[in-house]
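A.B. asks: Numbering (UniProt numbering), first residue to last: 1 to 720.
One structure coming up, written as structure tokens, with questions to follow.
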């Protein structure tokens, strides 16, 4: 086969980097001292990262740097100076999640390849095409996609597609997980995930089990299918793993990918011994083949806790790799010694150095065999001689020290010549930076909207009865029911002569894959007929609505992250009329943004959006939406709702966000709107909450905080 497939290995340390290169990785992804989604790996400092870039280039490999966290406004201002030395050294690509960071990198480093992280939750061709227009060369799609979806994305875009083939799986769609953040203050969007999904939970009266702990991914047997799906890069997870794991896994995928590409399906077979070697290098909870062939399933989970979650101890190995070189040494009496060396596989990469004068031997002349033996002593350099041609003329003598110096000079010059190929010169300056204040979001909205989001018919009735509500978001779970359509028609009829009428908007699904798109093809006409705007929660829904020529307002939810002013400007230019502020930024960080978004001031916050289904894991699929609760070790109960229409789960935080006592701070932010999200609340509870917020935010009354379990989220504390 003519196709090439990249083997992309992880490196959480210098030793892992060497192991990956020695095992045959084509490229390595690694984090620097900041902005990487594995904050607790042994990430490299600037000096070592610069060495790493040269190291991989000397061996003909590539290095991709993870800059895949969300960046606060102040941090974004430091990003260019942080990346500058790596860019100039020859960094091959950056892996990015934050659209503000993408915009700045595209602006400051236009020739630095951008890879879109799996943290961006790309689940469909539409969003891949969006990031392609934003300058991306490669997409790392959500791990939940099937082979068919990946193939469609590749065929439609022509982008490089990078997919995970081995290692740990997250239970939540990457980039959509706030569980670690909300319950422990350690944000997965900042590389600080505490892995609460690996802990035991109990469903109602059942025994505790590891309901969200997925088995590790292993697709070594699927290599033919992965290649045929158009995947360009096989990504191995494991920046927190040890060098021996990196070496073994990389070696196995290198071996069997090459076998398939060379021999095809008939020659492809993974031996039992190699399969065991691969699986034994890290035994934790067993293995599965992920989502490539299935939507979800109980068999993907490791419900029982293993006895010990450790890697087997192995002897420390030295991972040394030397590139083959050839050379010619010319020695003639009375002339300067001369050594020419070149890469064995790239003869155009050649250098010539001259050394000391060759003397006439007074006693025993140097033998060619001894000269060659000395020249071949390359030691710990990146090179080893394959062929050495010795041209000796006359009865000559040259000190061994002179030969050593000649060899060292030649190898040093060759190393410089190879690495200099990758060097760049930075030409961007801060003076060229864009003006971030120029976006269509209004900078000062003192009369912010009162917004309500509802998920049940009963909640909608209460919302429609409140004349002070400016905007109502109706979940698409009920939005197209005949009962709701009748309610909206009656509401508009009754409001014809009233001064104030709420804008009615549709809240679209959290995940918008092909299943959702096909449903919305039927719904689209009704959207324009009954809804004045839509709330989008993913890039796919945004692009689909735009592709249909939708003329109403488009608002983005909290998970189309606007952590910094460049991200906010990007949202503006992408067609968002109002954005929702991140729930992970605190008051001070929100105040640093040029414009206020819609601020969530009440509600049970979704902490996970999952393709796997808690109900299906513990019982059977009911084929209809339902609610259950999982309880953690501390007795906290987390509501879990399965949305069968789109086949995903939402796990909500155990306590709602309540910001009643933050009125002055919220007003100072001048948000576009304040939003109350109702999900689980019954009629009486919703009435009480609405009355409390009305008293505080509209009537300036002082009232006590409610006598319920609640959280202020990150409004006060924020995340690291």
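Note that beta-carbon positions come from the ideal geometry of N, C-alpha and C, so glycine has one too.
Check this for me: beta carbons of residue 139 and residue 156, under 7 Å apart or not?
C.D. replies: No, these two residues do not count as a Cβ contact at 7 Å.
A.B. asks: Can you tell me whether residue 195 is helix, strand or coil according to DSSP?
C.D. replies: Looking at residue 195 - three-state DSSP - the assignment turns out to be coil, as it is neither helix nor strand.
A.B. asks: CB residue 104 to CB residue 79, shorter than 7 Å?
C.D. replies: Against a cut-off of 7 Å, the Cβ pair of residue 79 and residue 104 comes out as a contact.
A.B. asks: Looking at the secondary structure, which residues open and close the beta strand (DSSP E) in which residue 481 lies?
C.D. replies: Taken as a continuous stretch (DSSP letters only), residue 481 belongs to no beta strand (DSSP E), as it is neither H nor E.
A.B. asks: Leaving out the 5 sequence neighbours to the left and right, which residues in its chain are closer than 6 Å to residue 202 when beta-carbon positions are compared?
C.D. replies: Only 208, 631 meet the Cβ criterion.
A.B. asks: Would you report the Cα separation of residue 367 and residue 397, rounded to the nearest angstrom?
C.D. replies: Spanning the two alpha carbons is a distance of roughly 9 Å.
A.B. asks: Do you know how far the Cα of residue 175 is from the Cα of residue 141?
C.D. replies: Their Cα atoms are separated by approximately 11 Å.
A.B. asks: So which of 13, 222, 72, 450 has the shortest CA-CA distance to residue 242?
C.D. replies: Residue 242 has its Cα closest to that of 13, out of 13, 222, 72, 450.
A.B. asks: Using the Cα positions of residue 521 and residue 704, report the straight-line distance between them to the nearest angstrom.
C.D. replies: Distance between the alpha carbons of residue 521 and residue 704: 47 Å.
A.B. asks: Ends of the beta strand (DSSP E) at residue 115?
C.D. replies: Per DSSP, residue 115 belongs to the beta strand (DSSP E) from 114 to 116.
A.B. asks: Specify the secondary structure class of residue 579 as computed by DSSP and reduced to three states.
C.D. replies: In this structure, residue 579 counts as coil in the three-state DSSP scheme.
A.B. asks: Please list, in chain order, all residues of the same chain as residue 330 whose beta carbon is under 7 Å from its beta carbon, the five residues on each side excluded.
C.D. replies: Only 338, 391 meet the Cβ criterion.
A.B. asks: Nearest-angstrom Cα distance between residue 191 and residue 98?
C.D. replies: Each residue's alpha carbon lies about 13 Å from the other.
A.B. asks: To the nearest angstrom, how far is it from the Cα of residue 193 to the Cα of residue 180?
C.D. replies: Residue 193 and residue 180: Cα-Cα distance of roughly 6 Å.
A.B. asks: In chain order, which alpha helix (DSSP H) runs of at least 4 residues are fully inside the segment 594 to 674?
C.D. replies: For the segment 594 to 674, whole alpha helix (DSSP H) runs of length 4 or above, ordered along the chain, are 614 to 618, 663 to 668.
A.B. asks: As a quick exercise: from 341, 363, 345, pick the residue whose alpha carbon is nearest that of residue 388.
C.D. replies: The residue with the shortest Cα to Cα distance from residue 388 is 341.
A.B. asks: Just how far apart, CA to CA, sit residue 182 and residue 656?
C.D. replies: Approximately 11 Å, taken between the alpha carbons.
A.B. asks: Under DSSP, the beta strand (DSSP E) around residue 503 begins and ends at which residues?
C.D. replies: Unbroken beta strand (DSSP E) run through residue 503: 503 to 507.
A.B. asks: Which residue wins for smallest C-alpha separation from residue 213, given the options 385, 287, 544?
C.D. replies: Out of 385, 287, 544, 287 has the C-alpha closest to the C-alpha of residue 213.
A.B. asks: Enumerated in chain order, which unbroken segments of the alpha helix (DSSP H) with a length of 4 residues or greater are wholly contained in the segment 4 to 81?
C.D. replies: Segments of the alpha helix (DSSP H) lying fully in the segment 4 to 81: 14 to 23, 46 to 58.
A.B. asks: Within the chosen definition, does the segment 583 to 594 reach the segment 536 to 547 through at least 3 CB pairs nearer than 8 Å?
C.D. replies: Taking 8 Å as the limit for Cβ pairs, the verdict is that the segment 536 to 547 does not touch the segment 583 to 594.
A.B. asks: To the nearest angstrom, how far is the alpha carbon of residue 607 from that of residue 551?
C.D. replies: Rounded to the nearest angstrom, the two C-alpha atoms are 32 Å apart.
A.B. asks: As a quick exercise: from 28, 170, 718, pick the residue whose alpha carbon is nearest that of residue 236.
C.D. replies: Looking at the Cα atoms, 28 is the closest of the given residues.
A.B. asks: Only counting runs of 4 or more residues, tell me where the alpha helix (DSSP H) segments fall wholly within the segment 220 to 252, in order along the chain.
C.D. replies: Taking only runs of at least 4 residues, the alpha helix (DSSP H) segments lying wholly in the segment 220 to 252 are 223 to 228.
A.B. asks: Could you check which residue in 254, 120, 226 has the C-alpha nearest to that of residue 163?
C.D. replies: Ranking 254, 120, 226 by Cα distance to residue 163 puts 226 first.
A.B. asks: Would residue 474 and residue 454 be called neighbours here (beta carbons separated by less than 7 Å)?
C.D. replies: Against a cut-off of 7 Å, the Cβ pair of residue 454 and residue 474 comes out as a contact.
A.B. asks: Grab me the residues of residue 445's own chain with a C-beta within less than 6 Å of its C-beta, minus the 5 sequence neighbours each way, in chain order.
C.D. replies: Residue placement at residue 445 is poorly supported in this model, since its pLDDT is 47, which falls under 50; the coordinates are not used for a value here.
A.B. asks: Which residue from 424, 415, 362 puts its Cα closest to that of residue 395?
C.D. replies: Of 424, 415, 362, the residue nearest in Cα terms is 362.
A.B. asks: Enumerate in chain order the residues of its own chain whose CB-to-CB distance from residue 254 is below 6 Å, with the five nearest sequence positions on each side excluded.
C.D. replies: 7, 24.
A.B. asks: Straight-line CA distance for residue 697 to residue 558?
C.D. replies: Going from the Cα of residue 697 to the Cα of residue 558 covers about 21 Å.
A.B. asks: Rounded to whole angstroms, what is the Cα-Cα separation between residue 443 and residue 412?
C.D. replies: Unreliable positioning characterises residue 443 in this predicted model, as indicated by a pLDDT of 48, which lies under 50. A coordinate reading is not provided.
A.B. asks: Please confirm if the segment 509 to 519 is in contact with the segment 633 to 651, defined as three or more CB-CB distances below 8 Å between the two stretches.
C.D. replies: Touching, yes, given that three or more Cβ pairs across the two stretches are closer than 8 Å.
A.B. asks: Tell me whether residue 626 is buried or exposed, calling it buried when 16 or more other Cβ atoms sit within 10 Å of its Cβ.
C.D. replies: Exposed, because fewer than 16 other Cβ atoms sit within 10 Å of the Cβ of residue 626.
A.B. asks: State the start and end residues of the unbroken beta strand (DSSP E) segment that holds residue 352.
C.D. replies: Unbroken beta strand (DSSP E) run through residue 352: 350 to 357.
A.B. asks: Looking only at C-alpha atoms, which of 564, 215, 461, 102 sits nearest to residue 299?
C.D. replies: With distances taken between Cα atoms, residue 299 lies closest to 215.
A.B. asks: Quick one: is residue 465 buried, meaning 16 or more other Cβ sit within 10 Å of its Cβ, or exposed?
C.D. replies: Per the 10 Å Cβ criterion, exposed.
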